[in-house]
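**Student:** There's a structure below that I have some questions on.
Chains as they are written, first to last, in our numbering: chain A, 217 to 1016; chain B, 423 to 710.
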């Protein structure tokens, strides 16, 4: 979240799209209800289903699964064409006035950007960039009138997204769209704030990154980024998934969102040069110019005393991603299981995951696991992955236990309530939680299991040597109890300290590039300072009355509650809205929330408000960071019931990542005419709670939501058993015939949509019957984030 | 530790009057159906606090947990899909005992002390005195009490009388994440409800209303509904009252019954005076 949960109570308009927060975030949804109760805020729900959030919304708009970019593009067009945008904000805080190189264009008929090579199906992105002056700075037209200014290019790009076109692609009526658009864009005035809440309904697409880009563009036009009650708020799907991403759980980042070194970056210097951006505007703070401090301090945390300037602080021991073209350059989920399927992997350590259930295309995952020699699963319940060799699960790929040689070790692991530690929530609060009960039996916390494994492996390397023992034997394992490292000590290390004085680091720039400081994750500096472990702080005073609670736990970055908050004030430093100030310039410094800015830089100096970007301003036009275009464009899901009305020639994302095993089949609309999507329920948590009698009581069985009209066509009665079949597989479940999903008219074609929740499978209480949702989903990946397209694929439906 | 309650009469060596409840408060739940998201936290909280075992349920084509409340499931959110003026609606209402000021169950109950009403308005069942006759079920205009056929006792929501009497809110209220459930004195809850209804009317819900039916003397559950013209969609009776049979039986007919009983005794007495006791049948000669 750019803002935080509590801040949603400050909004006037709340757009819940690509998510069903009432269903999946019922506790956080309190803040939406507070905004509605106390401010008479309006909640708009845009979704294929009339769901729990829609039930309490003021405006509901139906749309087809996967047509969200068209809807957002329509809002961008509505805002621009009706002059419903904050012009001063757009001029000073975004790249709208910057000029783009000659040669950039978008081919409207073909649906591709300049630089497209149809043969190699790839882009030469060199034209997607700023026109630079002699000093390397982007050229600017303050009036935003230059035909190659981002503003004019954007206006032109989205001129195709008229309300009629939105209706044609999304299936909502023009009137429904315009009613929502009027309300959403009403927040362009300084006295109104609008927020967007989204979740996996946006991230589970083959164009997910561009979808969020479109939402960010809309919020920037309306001046909603950085202000109280505004922002673009990602609702994270697990208690600590934010902490996971912050601390480098994704294969292509190390902790603190620094790129993972690649094998062709052979020296520390070469790596740092490649990942440290140069300023693109004279007034840009370009905070990433400090990457060397952050990364060297992290290397010191990894390798301790053995990391010295002479050995590049252990850079040569650091893992590196193999070069492109080796077949080992991508270790995101889909690629990992593809490699496993191809027999490229011998073993697999699986912590806190149930890939057979929660990954896409379960059959492929089961087949992949059966290629392994060994697998270790640390879990608190037996689950589909640790039991993939059972006859009923192997039957899905027509195999028998005797066909599989994988040796499986199931280690009992403590669950979240059975260990101390921190959760980083969607608001970016790093909050300590205390163990409620001891783990049962021999169950151990994950970090103890990992520590014990590490110590044994290190012993083997020390004793027997090996191919490359250095990264293992030099690892800084300083904890007072090496077998079960105290998580308080781990927090201390993540924050880091000064090796000369021994003092904990207090702020980002306390860390140094000369090896005299240590910090596990620069982004978390401030969580454990000289004042102690601030994640345990529980001061519930709210001096501003705006729900900011500055002394509650620790809020990365730098205990800042609202990110990009320089934008909450106008170019003179005066808050746009005096009733909801975030920061203000008092003549000497910025006061209020912790400024996302140089604290003493006067407004007249005109420093760019987006200090993490080399141009210092937010990007409508993304100069090359995304693979499929600088502006977001509507593409159809990889499996789509209709052809893209904008450009039939390039219907779906041309850079979508897919695989070629027999399990990676895609279906066509003639065989699989129904659009299908998957989701979670409030009654369950992922694949865990099917082991809990009360969760199973309130939502006992797998079901499929089917529109009344479709059920009538097929002669399906409520609660009758039905079968869904995709090109990958089929599952059976009870029909829930409902009025809450309507057939849509898409470009003159009637489209039916159905959907089902994911929470069942093979193991657990009650009636499971192998009703595992992901047996039918495809491994189709977004080319930027590599997130699978769980939402928006094709099936057929029949009575059992 | 002494002193942790308001129900003190005298305190040693303290000259001022002890703190206490000077005015009896009638309590009430507040249910705002317009901000309920149907999360069922209240359902599970009710079961856990009251130590009720999970029911074996099946998916029957709805998000609703069960078709109706059961002897061990006292708090049920009713889900209703409908259309209001051409727009889709999905109404959710938490159903449980309404704790009527004039409780039909209590009126109908023939077992001494099996149903009580506390001064704070809570209507509670004492299963140890319940005879399982089920009259309370016919007496309830909301169809709430449920008979457990194994134990032959009737059960329903207690409004967490055990929690409320030690100053805690009911379990369902505590579990509610959106604030659509609140708890307090009846006048306060009514005030809250009226404010909410005013806001709903301002937002275009002309038929928004507070449901606190006078036919049962008002209820210990104040419900806000957006569509007061469609109470049946929420599973709420428009004008609930104690069934006529129960009223007659407990008021005029009760005296008729008593009269009948007394008359029976009197007639029996007269019969005795006139005819004396029934003669012993003559003993038969034992067979030989």
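Note that beta-carbon positions come from the ideal geometry of N, C-alpha and C, so glycine has one too.
Could you name the residues of the same chain whose beta carbon sits closer than 8 Å to that of residue 639 of chain B, not counting the 5 residues immediately before and after it, in chain order?
**Tutor:** Locating residue 639 of chain B in the second chain gives position 217, where the first residue counts as 1. Cβ neighbours of residue 639 of chain B beyond the five flanking positions: 522, 523, 524.
**Student:** Let me see if you follow: with CB-CB separation under 7 Å, is residue 482 of chain B close to chain A or not?
**Tutor:** Translated into the one-based positions of the second chain, residue 482 of chain B becomes position 60. Taking Cβ atoms only, chain A reaches closer than 7 Å to residue 482 of chain B, which makes this a yes.
**Student:** Does the count of Cβ pairs from the segment 971 to 991 of chain A and the segment 946 to 957 of chain A closer than 8 Å reach three?
**Tutor:** yes
**Student:** Kindly say whether residue 423 of chain B, judged by its beta-carbon, lies nearer than 7 Å to any beta-carbon of chain A.
**Tutor:** Position 1 of the second chain, counted from the start, is the residue given in the question as residue 423 of chain B. With a pLDDT of 38 at residue 423 of chain B, under the threshold of 50, the modelled position of that residue is not reliable, and the figure given next carries that caveat. No, no contact with chain A.
**Student:** Report buried or exposed for residue 694 of chain B, applying the criterion of at least 16 other Cβ atoms within 10 angstroms of its Cβ.
**Tutor:** Translated into the one-based positions of the second chain, residue 694 of chain B becomes position 272. Looking at its Cβ environment, which holds fewer than 16 other Cβ atoms inside 10 Å, residue 694 of chain B is exposed.
**Student:** Can you tell me the Cβ-Cβ gap for residue 830 of chain A and residue 344 of chain A, rounded? I've got them flagged as a contact below 8 Å.
**Tutor:** As a first step, residue 830 of chain A is located in the first chain; it is residue number 614 there, counting from the start. As a first step, residue 344 of chain A is located in the first chain; it is residue number 128 there, counting from the start. Contact flag wrong, Cβ pair sits at about 15 Å.
**Student:** Check for me: the alpha helix (DSSP H) holding residue 972 of chain A runs from which residue to which?
**Tutor:** By 1-based counting over the first chain, the position of residue 972 of chain A is 756. For residue 972 of chain A, there is no enclosing alpha helix (DSSP H); the enclosing beta strand (DSSP E) covers residues 969 to 973.
**Student:** Rounded to whole angstroms, what's the CA-CA distance from residue 989 of chain A to residue 972 of chain A? Just pull it up for me.
**Tutor:** Translated into positions along the first chain, residue 989 of chain A becomes position 773. Translated into positions along the first chain, residue 972 of chain A becomes position 756. Residue 989 of chain A and residue 972 of chain A: Cα-Cα distance of roughly 7 Å.
**Student:** Against chain B, does residue 243 of chain A count as a neighbour if the rule is that its beta carbon must be under 7 Å from one of theirs?
**Tutor:** Translated into positions along the first chain, residue 243 of chain A becomes position 27. Cβ-Cβ to chain B under 7 Å: yes for residue 243 of chain A.
**Student:** With distances taken between CB atoms, is the gap from residue 646 of chain B to residue 507 of chain B smaller than 7 Å?
**Tutor:** As a first step, residue 646 of chain B is located in the second chain; it is residue number 224 there, counting from the start. As a first step, residue 507 of chain B is located in the second chain; it is residue number 85 there, counting from the start. Cβ distance not < 7 Å, so residue 646 of chain B and residue 507 of chain B don't count as in contact.
**Student:** Using only the alpha-carbon positions, how far apart do residue 271 of chain A and residue 615 of chain B sit?
**Tutor:** Within the first chain, the letter at position 55 stands for residue 271 of chain A. Within the second chain, the letter at position 193 stands for residue 615 of chain B. If you take the alpha carbons of residue 271 of chain A and residue 615 of chain B, they lie about 20 Å apart.
**Student:** Just the chain A side, please: which residues come within less than 9 Å of residue 515 of chain B by C-beta, in chain order?
**Tutor:** Here residue 515 of chain B refers to the residue found at position 93 of the second chain. Using a Cβ-Cβ cut-off of 9 Å, residue 515 of chain B is close to nothing in chain A; its nearest Cβ partner there is about 12 Å away.
**Student:** Using a Cβ-Cβ cut-off of less than 9 Å, list which residues of the segment 263 to 280 of chain A approach chain B; keep chain order.
**Tutor:** 266, 267, 268, 269, 270, 271, 272, 274, 276, 278
**Student:** Does any residue of chain A bring its CB to less than 7 Å from the CB of residue 489 of chain B?
**Tutor:** As a first step, residue 489 of chain B must be located in the second chain, where it is residue number 67. Chain A, which has no Cβ nearer than 7 Å to the Cβ of residue 489 of chain B, makes this no.
**Student:** Along the chain, where does the alpha helix (DSSP H) containing residue 381 of chain A start, and where does it finish?
**Tutor:** Your numbering for residue 381 of chain A matches position 165 in the first chain. 379 to 386 is the span of the alpha helix (DSSP H), which, as asked, contains residue 381 of chain A.
**Student:** How long is the line joining the alpha carbons of residue 964 of chain A and residue 487 of chain B, rounded to whole angstroms?
**Tutor:** One-based indexing of the first chain puts residue 964 of chain A at position 748. One-based indexing of the second chain puts residue 487 of chain B at position 65. Looking at the two C-alpha atoms, the distance is approximately 39 Å.
**Student:** Could you tell me the distance, in whole angstroms, from the CA atom of residue 419 of chain A to the CA atom of residue 993 of chain A?
**Tutor:** Working through the first chain from its first residue, we reach residue 419 of chain A at position 203. Working through the first chain from its first residue, we reach residue 993 of chain A at position 777. Those two C-alpha atoms are separated by around 15 Å.
**Student:** Alpha carbon to alpha carbon, how far is residue 617 of chain A from residue 645 of chain A?
**Tutor:** For this step, residue 617 of chain A is matched to residue 401 along the first chain. For this step, residue 645 of chain A is matched to residue 429 along the first chain. Taking the straight line from one Cα to the other gives about 46 Å.
**Student:** Taking Cβ-Cβ distances below 9 Å as the criterion, which residues of the segment 930 to 964 of chain A are in contact with chain B?
**Tutor:** Hits within the stretch, in order: 933, 934, 935, 936, 949, 950, 951, 952, 953, 954, 955, 956, 958.
**Student:** How would you write the range of the alpha helix (DSSP H) that residue 668 of chain A sits in, first residue to last?
**Tutor:** For the purposes of this step, residue 668 of chain A is identified with residue 452 of the first chain, where counting begins at 1. Its alpha helix (DSSP H) spans residues 662 to 680.
**Student:** Along chain A, which residues have their Cβ under 7 Å away from the Cβ of residue 599 of chain B?
**Tutor:** Stepping through the second chain from its first residue, residue 599 of chain B is reached at position 177. Within 7 Å Cβ-Cβ: 242, 243, 245, 246.
**Student:** Using the three-state DSSP reduction, which class does residue 921 of chain A fall into: helix, strand or coil?
**Tutor:** One-based indexing of the first chain puts residue 921 of chain A at position 705. If DSSP states are grouped into helix, strand and coil, residue 921 of chain A belongs with the strands.
**Student:** Between the alpha carbons of residue 873 of chain A and residue 775 of chain A, how many angstroms are there, rounded?
**Tutor:** Position 657 of the first chain, counted from the start, is the residue given in the question as residue 873 of chain A. Position 559 of the first chain, counted from the start, is the residue given in the question as residue 775 of chain A. Using only the alpha carbons, I get a separation of about 38 Å.
**Student:** Report buried or exposed for residue 423 of chain B, applying the criterion of at least 16 other Cβ atoms within 10 angstroms of its Cβ.
**Tutor:** Counted from its first residue, the second chain places residue 423 of chain B at position 1. In this prediction, residue 423 of chain B has a pLDDT of 38, which is less than 50 and means its spatial position is unreliable; what the coordinates show is noted afterwards. Residue environment analysis places residue 423 of chain B among the exposed positions, since fewer than 16 neighbouring C-beta atoms fall within 10 angstroms of its C-beta.
**Student:** Check whether the Cβ of residue 571 of chain B lies closer than 7 Å to any Cβ atom in chain A.
**Tutor:** Taking the second chain and counting its residues from 1, the one referred to as residue 571 of chain B is at position 149. Judged by the 7 Å Cβ criterion, residue 571 of chain B is not in contact with chain A.
**Student:** Only counting the same chain, and skipping five residues up and downstream in sequence, which positions put a Cβ closer than 7 Å to that of residue 629 of chain B?
**Tutor:** The residue labelled residue 629 of chain B in the question sits at position 207 within the second chain. Excluding sequence neighbours, residue 629 of chain B sits near 649, 650, 651.
**Student:** Cβ of residue 595 of chain B less than 7 Å from any chain A Cβ?
**Tutor:** Counted from its first residue, the second chain places residue 595 of chain B at position 173. It does not; no Cβ of chain A falls within 7 Å.
**Student:** Looking at the C-beta of residue 580 of chain B, does it have a partner C-beta in chain A at a distance below 7 Å?
**Tutor:** Counted from its first residue, the second chain places residue 580 of chain B at position 158. Chain A contact via Cβ: absent.
**Student:** Near residue 998 of chain A, what residues of its chain come up, given a Cβ to Cβ distance below 7 Å and the 5 sequence neighbours on each side ignored?
**Tutor:** For this step, residue 998 of chain A is matched to residue 782 along the first chain. Result list for residue 998 of chain A: 421, 422, 423, 424, 425, in chain order.
**Student:** Excluding sequence positions up to five away, which residues of its chain have a Cβ less than 7 Å from the Cβ of residue 907 of chain A?
**Tutor:** Here residue 907 of chain A corresponds to residue number 691 of the first chain, with the count starting at 1. Correct list, in chain order: 597, 980, 981.
**Student:** Nearest chain B C-beta to residue 973 of chain A closer than 7 Å, yes or no?
**Tutor:** Residue mapping note: residue 973 of chain A aligns to position 757 of the first chain, counting from 1. Residue 973 of chain A does not count as touching chain B.
**Student:** With DSSP run on the structure shown, which of helix, strand or coil describes residue 528 of chain A?
**Tutor:** Looking up residue 528 of chain A in the first chain gives position 312. Looking at residue 528 of chain A - three-state DSSP - the assignment turns out to be helix.
**Student:** Looking at the secondary structure, which residues open and close the beta strand (DSSP E) in which residue 176 of chain A lies?
**Tutor:** The structure shown does not extend to residue 176 of chain A, since chain A spans only 217 to 1016, so no value can be given for it.
**Student:** For the segment 456 to 486 of chain B, which residues have a beta carbon sitting closer than 9 Å to at least one beta carbon of chain A?
**Tutor:** 456, 457, 458, 459, 460, 461, 462, 463, 465, 466, 469, 470, 475, 476, 477, 478, 479, 480, 481, 482, 483, 484, 485
**Student:** What is the rounded straight-line gap between the Cα of residue 1030 of chain A and the Cα of residue 488 of chain A?
**Tutor:** The requested residue 1030 of chain A is not part of the displayed model; chain A covers only 217 to 1016.
**Student:** Can you pull the chain B residues whose beta carbon is under 7 Å from the beta carbon of residue 916 of chain A, in chain order?
**Tutor:** On the first chain, residue 916 of chain A is found 700 positions in, with the first residue counted as 1. Correct list: 479, 480, 481.
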